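Inspection log for the structure reproduced underneath, given as structure tokens.
Numbering (the UniProt record's numbering), first residue to last: 1 to 89.
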């Protein structure tokens, strides 16, 4: 009986470890995406493009779109942090 309990506990522990690794990977991806978007936003906000340049780079990084993407990414990171491991098993 004790042996069965230990086997079940070991299986549960290995499952939790796998879930933790998946969550770590998802968090790393979300953070990478956040850093990439934040860098793009900073680059766009710090660059001063002439209004008369005729360049189409102004549509490449639209500040409103970048702000929305950053907000969405922050929300996803918060949601990942809020979900306890107990609910994933």
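Just so it is clear, CB atoms sit at the ideal spot from N, CA and C, and this is done for glycine as well. No experiment lies behind these values; they were computed from the predicted model shown.
- When C-alpha distances from residue 67 are compared across 3, 40 and 8, the shortest belongs to 40.
- With fewer than 16 neighbouring CB atoms inside 10 Å of its own CB, residue 9 falls in the exposed class.
- DSSP places residue 5 in the helix class (H, G or I) of the three-state scheme.
- Note that the C-beta distance between residue 45 and residue 63 is below 8 Å.
- Each of 33, 14 and 65 was checked against the Cα of residue 74, and the nearest Cα belongs to 33.
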